[in-house]
Amino acid sequence: MESKNFFNDVYDVVRQIPVGRVTSYGTIARFLGSALSARMVGWAMNACHGMPDVPAHRVVNRNGVLSGKHFFGSPTAMQELLEKEGVTVKNDNIVDFKNVFWDPATALL
DNA sequence: TAGTTGACTCTAG
DNA sequence: GCTAGAGCCAACT
Numbered sequence: 001m002e003s004k005n006f007f008n009d010v011y012d013v014v015r016q017i018p019v020g021r022v023t024s025y026g027t028i029a030r031f032l033g034s035a036l037s038a039r040m041v042g043w044a045m046n047a048c049h050g051m052p053d054v055p056a057h058r059v060v061n062r063n064g065v066l067s068g069k070h071f072f073g074s075p076t077a078m079q080e081l082l083e084k085e086g087v088t089v090k091n092d093n094i095v096d097f098k099n100v101f102w103d104p105a106t107a108l109l
């Protein structure tokens with residue numbers, strides 16, 4: 001299980017997402033150098049179930065939609081978490097997504 | 001071993 | 001403006 005280099009990178013980026021901010025799979029994928037590997041970010045999130053330090057709820061698709069909300073055990077768990085952190089979610093969509101959007105390339109660089 | 005799937009994104013029609 | 005198809009990589013069956 002030491003072959004999670006790509007996953008580890010994803011976790012590292014997601015872990016650095018500040019509270020009240022969200023990012024997208026493609027953004028992380030591109031930041032890692034694989035813009036077309038956005039799916040892999042999703043897979044990384046799928047494996048992040050054993051990583052309580054990885055706020056997967058702060059990672060959404062490029063539309064700001066909670067695509068993976070269903071994978072949190074409850075279809076509203078992701079929304080509840082985001083709203084609890086100050087992110088307004090409406091109908092599985094992040095309100096002012098552009099305002100709460102967090103770009104690793106801008107924050108880390 | 002090989003085939004299919006998947007929490008995405010982009011380009012083309 | 002919306003719908004459809006293609007692409008990437010790893011895990012699961």
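Numbering (full-length UniProt numbering) for the first sequence: 1 to 109.
We treat Cβ as the ideally placed atom computed from N, Cα and C, and that holds for glycine.
Note to self: Tell me the rounded alpha-carbon separation between residue 90 and residue 83.
What the structure shows: 10 Å
Check: With respect to the alpha helix (DSSP H) encompassing residue 26, which residues constitute its N-terminal and C-terminal limits?
Finding: In the DSSP annotation of this structure, the continuous segment of the alpha helix (DSSP H) that includes residue 26 starts and ends at 25-32.
Next item on the list: Please state if the CB of residue 35 and the CB of residue 44 are separated by a distance shorter than 8 Å.
Entry: With a cutoff of 8 Å on beta-carbon distance, residue 44 and residue 35 are scored as not near each other.
Next item on the list: Hey, could you find the ends of the alpha helix (DSSP H) residue 12 is sitting in?
Entry: 5-15
Next item on the list: Give the single residue among 5, 6, 25 and 50 whose Cα lies nearest to the Cα of residue 68.
Entry: 25
Margin query: On the CB-based measure, 16 or more other CB atoms within 10 Å of its CB, does residue 105 come out buried or exposed?
Written below: The residue in question, residue 105, is exposed, as its Cβ has fewer than 16 Cβ neighbours within 10 Å.
Next item on the list: List the whole-angstrom C-beta distance separating residue 54 from residue 15, where the pair is believed to meet the contact cut-off of C-beta under 8 Å.
Entry: 6 Å
Item checked: Assigned exposure category for residue 19 - 16 Cβ within 10 Å defines buried -> exposed
Check: What are the residues that DSSP puts in a beta bridge with residue 59?
Finding: 23
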